[in-house]
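*Asks:* The sequence shown begins at 35 in my numbering and counts up by one.
Even glycine gets a Cβ: it sits at the ideal position worked out from N, Cα and C.
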Amino acid sequence: MKNRKTYSINQLILYRLLLISTLSLLIPGFFLIYSEVVDFRDQSNQLRGDYIKSQRQVLQQEVERAVDYINYKKDQKEKRLKSDIKNRVMEAHALCENLVAMHPATETSRIQFMVKEALRPIRFNHGRGYYFAFDLKGIEQLFPVNPAMEGKDMTQTTGAKGERVVPDMLDIVEKHGEGFYTYTWPKPGISGYYPKIAFVKKVESLGWVIGTGEYLDDVEKDIQNEIIDRISMIRFENDGYVFAGDWQGKSLSGPARGRDMYDVEDENGVKIVQELIRAAKNGGGFVSYVLPRFEGMKSAPKLSYAAPVDEWAWYIGSGVYVDEIEATIKEQAAQLRSHIIYHLLMITVTLLIIWTVIFFMVKLLAQRTLKSFSLFSEFFSRASSSLIPIREDDIEIEEFAELAHLANEMIDKRIEAERTLQASEAKYRTLFEKSKDAILIIDNYRFVDCNQSTVEMLGYESKEQLLQTHPSELSPEFQPDGSDSFTKARKMMDIATQNGSHRFEWNHSRANGEVFPVEVILTAITTDKEGSILHTTWRDITQRKQAEREKILAERHAANQSKHALVGQIAGKMAHDFNNILGVIMGNTELCQMACRDEEITRRLDLIFGQTVRGKNLTKNLIAFARDQEPKQAFFHINEKIELVINLMKKDLEGITIERDYGDRMAELLADPGMIEHALVNLIQNAIHALSKTRNPKIRIQTFENDKNICFRIEDNGCGIPQQHINDIFEPSFTLKGSRDTDGDYPEEVKGTGYGMANVKRYLEQHMGTIEVASVRGQGTVIIVSMPVIKRELSNEEKVQVKAAMKAAGKKILLVEDESAISDVQREILSHEPCRHHVDVAGNGESAIALFESKPYDVVSLDYLLPGEMNGMDVYRHIRERDPKIPILFISGNIEFIEALDDLLSADPNIAHLSKPCFNADYVNKINELLVAYTQNNEVAV
């Protein structure tokens, strides 16, 4: 504080008054000037925008007017041609009639000669037009462009398209006396045939037909030349004009008329004509560029509009210079600068006057208050830093004395508040840090504090490391219900903020990636700021969840075991005989249907046949449920399997909207393709049945990966499942369709066997999968299926873990597995890092025995179900006869084998078992355990 700069009373009051007065003048002045600058900028932009907008309208109007004129002239092409040639023929006809009338006594042949010679030299339409004539027998009488044809029979002469020109013209004059005729005809001196329209008229007095014709393309060229001349004369406003060009880049009018402008660029590299052509081909549009310097024209920024004439492959355009408005804006900018300079000058003069007045007033006031104010300032300054009360007896001025008393009361209250706050904070910090539950403080969706239990629960090294982590990194991508963790977390926090608190269960991720469940309590606490923070408590419920799952699984397993046994016995005893009975009924019913002609009897036979098929399907599902078969596993993509099932069920899915939301780059699924396909068919068929009475039926299928699982979600907007039956749908023989449809949710023809969902659940359990069902009556059902990802090789993390536990490498292993999809993966992971074992693969029992007899092995991996006459137990017995101690790992999910496994394990300590499917890391670790145990036992024996 010794170096703190001090001020006299004169300086303090003077500086502050000067500052206030200066700011009082400068701030309004600044805003005044700023508002003028902003207004100028806005007005300039508005002026520039209005100018461009108005010019755009003018350009578009001028171009569209020119295009309309072109379209009008095009539309008049044929009409103009016909009018012209008809007038010409009428003139020739009048000439003939006049000659006949003037020479009544002259022979017809003489008059014919006079007519020919009178018409022969006549040319019109830029020398293209001429008259021709032939008699009523088709003999050419007048053909000026090729006199050699005169006197020849023209009835056999045809046009390029086979038109019988002269006979057709004779038919016209015979029926109507005159008329137009369209045909293709060669041009004199030009190769090829061209469309032509002729007008012919019969001359009764001469027995002739006189006519003339014109080529359509010649008329079109005349019209185009007229249009170009017309466009070249169009001018509007100061220097606006209309130009034209073709789509090959040739300029037809304007400054560059006749030149190829296709590759011409402006100074910015814009290919002007190419951009105009592109705009025209798109139906019309604007192009901005800098006009190159043409003779007599300036180079400046320009805006043009181009529109197409598609039939002629032309574009018509017009442009204006856009820099003309800038001169007006510059004049306004100069006026603005003058205004600003004037305002600044007035502010400066006013400030000087105010500063002078303030200086004298402050000096007079400071002399009267300096003593009392200095004493008060000294005490108040000391008290503010050290909480020492002011000595009120030393204050002479009453106002300052009262202020000193209030300041002392404030200091006393502050001291007491700080003591209370310190005690409260110490108590809260003790409770916060010593709590066994994880406690966090969340502000604006981010962690701002946590206790040590949170750090330990999540496996982080320190609180600082945890607080630097975004909350989204502490949860898996999806929660168990399939919802996105980030979105759902925000929703939960918003609910707590609105309601004051919120309790729910959540899946979190530890620092090592492990996912675990917690119970979350969010409590919203209002702060001094306008908002609130969330006091968060997490309790790890992993053990509770595990206990709940084990209890449910145990209860279900006990119930299912008895049900499966009963169904298996019934199915085994009844299936064969029942199918025979159904076969007889179906066969005889079909024979009767073929011979029956009575509609009523046929209807009843159809009913019998349909019910028999239903019985057959029921037996099939019953046997599938009772049969205990081990999955035949293979790698496949779940998205492709779903598409296959959708295609198979295309007929059933008619009228239903299918929405697909497949995950990208999903891992392959190792499972029994047939079982998964059967499960998908059952699930989609149930959705189809549920949609039978829905007005806008829809099925949404989603696939995604979640917590090392492959999941698919099937959602429909059908009738839904009553909540009291959600847990019953997996029971064998349970159905809500047919006679049990008490609510009328399904049509009469929809029947259920009761074994579809039971089979689905059993298939998933055989693949270590799960199925979850959520349904709302009248709104629909959501089914989420989850199955573990078993990859073709170990992940980097698994390799590290396996390598850490690896104590036996480079061993010889006999792998007995008939499923190539499984054996390929197992051989791959066993023969590469970190294992480096030597692996031989046998696809059946006979091959396995042959390999075992031919070379020594350190361990055998053995499947129970094998193709051929030998199963896994046969191979096991043969190996034990040769080597009683070699480690053997059974890989099987067969129930029959698992039920006998306890006795086998108690009798043979050198075997182990894994159920299919198994994780790669578990498989490698089990092989390693067998090898280590086998090695240790041999060392002890020695």
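Taking the C-alpha atoms as reference points, what is the distance between residue 610 and residue 622?
*Replies:* For the purposes of this step, residue 610 is identified with residue 576 of the sequence shown, where counting begins at 1. For the purposes of this step, residue 622 is identified with residue 588 of the sequence shown, where counting begins at 1. Bear in mind that the predicted position of residue 610 carries a pLDDT of just 48, short of 50, making it too unreliable to give a figure here.
*Asks:* Please report the Cβ distance between residue 852 and residue 812, rounded to the nearest whole angstrom; I am assuming they are in contact, meaning their Cβ atoms lie under 8 Å.
*Replies:* Position 818 of the sequence shown, counted from the start, is the residue given in the question as residue 852. Position 778 of the sequence shown, counted from the start, is the residue given in the question as residue 812. At roughly 49 Å, the Cβ-Cβ gap does not stay under 8 Å, so residue 852 and residue 812 are not in contact.
*Asks:* Using 8 Å for Cβ pairs, my map puts residue 244 next to residue 167. What's the rounded Cβ distance?
*Replies:* Working through the sequence shown from its first residue, we reach residue 244 at position 210. Working through the sequence shown from its first residue, we reach residue 167 at position 133. Right, their Cβ atoms sit about 5 Å apart.
*Asks:* Between 159, 706, 160, 177, which has its C-alpha nearest residue 153's C-alpha?
*Replies:* Here the question's residue 153 lines up with position 119 in the sequence shown. From the listed residues 159, 706, 160, 177, the smallest Cα separation to residue 153 is found for 177.
*Asks:* Let me make sure I understand the geometry here. Which of 711, 962, 690, 192 has the alpha-carbon closest to that of residue 989?
*Replies:* Residue 989 lies beyond the residue range present for the chain, which begins at 35 and ends at 976; the question has no answer from this structure.
*Asks:* Determine the extent of the beta strand (DSSP E) in which residue 217 is found, giving its start and end residues.
*Replies:* Along the sequence shown, one-based indexing puts residue 217 at 183. Counting along the chain, the beta strand (DSSP E) containing residue 217 begins and ends at 212 to 221.
*Asks:* Do residue 552 and residue 539 have their CB atoms nearer than 9 Å?
*Replies:* Residue numbering aside, residue 552 sits at position 518 when the sequence shown is read from its first letter. Residue numbering aside, residue 539 sits at position 505 when the sequence shown is read from its first letter. Yes; because the gap between Cβ atoms is below 9 Å, this pair is in contact.
*Asks:* Considering only their Cβ atoms, is the gap separating residue 731 from residue 689 smaller than 9 Å?
*Replies:* In the sequence shown, counting from the first residue as 1, residue 689 sits at position 655. In the sequence shown, counting from the first residue as 1, residue 731 sits at position 697. Yes, Cβ-Cβ distance for residue 689 and residue 731 is below 9 Å.
*Asks:* Which same chain residues end up closer than 7 Å to residue 776 when comparing Cβ atoms and leaving out the 5 residues on each side of it in sequence?
*Replies:* Position 742 of the sequence shown holds residue 776. No residues qualify anywhere along the chain.
*Asks:* Could you give the DSSP three-state label for residue 130: helix, strand or coil?
*Replies:* As a working mapping, residue 130 is identified with position 96 in the sequence shown. DSSP places residue 130 in helix when its eight states are reduced to three.
*Asks:* Would you report the Cα separation of residue 119 and residue 125, rounded to the nearest angstrom?
*Replies:* Along the sequence shown, one-based indexing puts residue 119 at 85. Along the sequence shown, one-based indexing puts residue 125 at 91. Their Cα atoms are separated by approximately 10 Å.
*Asks:* So, under 8 Å CB-CB, residue 676 and residue 646 are touching, yes? Tell me the CB distance rounded to an integer number of Å.
*Replies:* Sequence index remark: in the sequence shown, residue 676 carries index 642 (1-based). Sequence index remark: in the sequence shown, residue 646 carries index 612 (1-based). The Cβ separation is near 32 Å, so there is no contact.
*Asks:* In the DSSP assignment, the beta strand (DSSP E) including residue 874 goes from what residue to what residue?
*Replies:* By 1-based counting over the sequence shown, the position of residue 874 is 840. Its beta strand (DSSP E) spans residues 872 to 876.
*Asks:* Let me confirm a value: residue 204 is counted as buried when at least 16 other C-beta atoms fall within 10 Å, else exposed. Which label applies?
*Replies:* The residue you call residue 204 lines up with position 170 of the sequence shown. By the neighbour-count rule (16 or more Cβ atoms within 10 Å), residue 204 is buried.
*Asks:* Check residue 123 in the structure and name its three-state DSSP category.
*Replies:* Here the question's residue 123 lines up with position 89 in the sequence shown. Residue state, collapsed to three classes: helix.
*Asks:* Tell me the rounded alpha-carbon separation between residue 964 and residue 574.
*Replies:* On the sequence shown, residue 964 is found 930 positions in, with the first residue counted as 1. On the sequence shown, residue 574 is found 540 positions in, with the first residue counted as 1. Roughly 35 Å between the two C-alpha positions.
*Asks:* Hey, residue 822 and residue 924: beta-carbon distance below 9 Å or not?
*Replies:* Within the sequence shown, residue 822 is the residue found at index 788, counting from 1. Within the sequence shown, residue 924 is the residue found at index 890, counting from 1. No, Cβ-Cβ distance for residue 822 and residue 924 is not below 9 Å.
*Asks:* Could you pull the start and end residues of the beta strand (DSSP E) that residue 821 belongs to?
*Replies:* On the sequence shown, position 787 is the one that residue 821 refers to. Looking at the DSSP string, the run of the beta strand (DSSP E) that includes residue 821 is 814 to 822.
*Asks:* When you compare only the Cα positions, how much space is there between residue 557 and residue 857?
*Replies:* Along the sequence shown, one-based indexing puts residue 557 at 523. Along the sequence shown, one-based indexing puts residue 857 at 823. Going by the C-alpha atoms only, they are around 54 Å apart.
*Asks:* Distance check for residue 189 and residue 237, CA to CA, integer angstroms please.
*Replies:* Indexing the sequence shown from 1 puts residue 237 at position 203. Indexing the sequence shown from 1 puts residue 189 at position 155. Approximately 19 Å between the Cα atoms of the pair.
*Asks:* Using the rule of at least 16 other Cβ atoms within 10 Å of the residue's Cβ for burial, across every protein chain shown, is residue 810 buried or exposed?
*Replies:* Counted from its first residue, the sequence shown places residue 810 at position 776. Exposed.
*Asks:* Given 8 Å as the limit, is there contact between the segment 678 to 698 and the segment 782 to 800, that is, 3 or more CB pairs closer than that?
*Replies:* Three or more beta-carbon pairs separated by less than 8 Å are not found between the segment 678 to 698 and the segment 782 to 800, which leaves the two stretches without contact.
*Asks:* Under 8 Å Cβ to Cβ from residue 535, same chain only, skipping five residues before and after it: list those, please.
*Replies:* Within the sequence shown, residue 535 is the residue found at index 501, counting from 1. These residues qualify, in order along the chain: 555, 556, 557, 558.
*Asks:* Decide yes or no for the touch test of the segment 905 to 922 against the segment 874 to 889: beta carbon pairs closer than 8 Å, at least 3 of them.
*Replies:* yes
*Asks:* What residues are listed by DSSP as bridge partners for residue 737?
*Replies:* Your numbering for residue 737 matches position 703 in the sequence shown. Its beta-bridge partners are 746.
*Asks:* Alpha carbon to alpha carbon, what distance is there between residue 107 and residue 305?
*Replies:* Residue numbering aside, residue 305 sits at position 271 when the sequence shown is read from its first letter. Residue numbering aside, residue 107 sits at position 73 when the sequence shown is read from its first letter. Roughly 31 Å between the two C-alpha positions.
*Asks:* Whole beta strand (DSSP E) runs in the segment 139 to 191 with 3 or more residues, listed along the chain?
*Replies:* 166 to 169, 174 to 176
*Asks:* With a CB to CB cut of under 6 Å and the five nearest residues on each side skipped, what residues in its chain are close to residue 318?
*Replies:* As a first step, residue 318 is located in the sequence shown; it is residue number 284 there, counting from the start. So the list reads 341, once near-sequence residues are dropped.
*Asks:* Report the option in 239, 110, 316, 291 whose CA atom is closest to the CA atom of residue 253.
*Replies:* Within the sequence shown, residue 253 is the residue found at index 219, counting from 1. Per the Cα distances, 110.
*Asks:* Are the segment 96 to 103 and the segment 345 to 355 in contact at 8 Å, needing three or more beta carbon pairs?
*Replies:* yes
*Asks:* Following the continuous alpha helix (DSSP H) through residue 912, name the residue where it begins and the one where it ends.
*Replies:* For the purposes of this step, residue 912 is taken as residue 878 along the sequence shown, with counting starting at 1. It spans 906 to 916 - the alpha helix (DSSP H) in which residue 912 sits, taken as one unbroken run.
*Asks:* Taking the beta carbon of residue 69 as the centre, do at least 16 other beta carbons fall within 10 Å, making it buried, or is it exposed?
*Replies:* Here residue 69 corresponds to residue number 35 of the sequence shown, with the count starting at 1. So residue 69 counts as exposed.
*Asks:* Measure the C-alpha to C-alpha separation of residue 740 and residue 518 and round it to an integer number of angstroms.
*Replies:* Residue 740 sits at position 706 when you count from the first residue of the sequence shown. Residue 518 sits at position 484 when you count from the first residue of the sequence shown. C-alpha separation (whole angstroms): 10 Å.
*Asks:* Hey, how far is the Cα of residue 719 from the Cα of residue 703?
*Replies:* Sequence index remark: in the sequence shown, residue 719 carries index 685 (1-based). Sequence index remark: in the sequence shown, residue 703 carries index 669 (1-based). Their backbone Cα atoms lie some 22 Å apart in a straight line.
*Asks:* Would you check if the distance between the CB atom of residue 59 and the CB atom of residue 384 is smaller than 9 Å?
*Replies:* The residue given as residue 59 occupies position 25 in the sequence shown. The residue given as residue 384 occupies position 350 in the sequence shown. The answer is yes: Cβ separation under 9 Å.
*Asks:* Quickly, what does DSSP pair residue 335 with across the bridge? List them, please.
*Replies:* Taking the sequence shown and counting its residues from 1, one reaches residue 335 at position 301. Its beta-bridge partners are 324.
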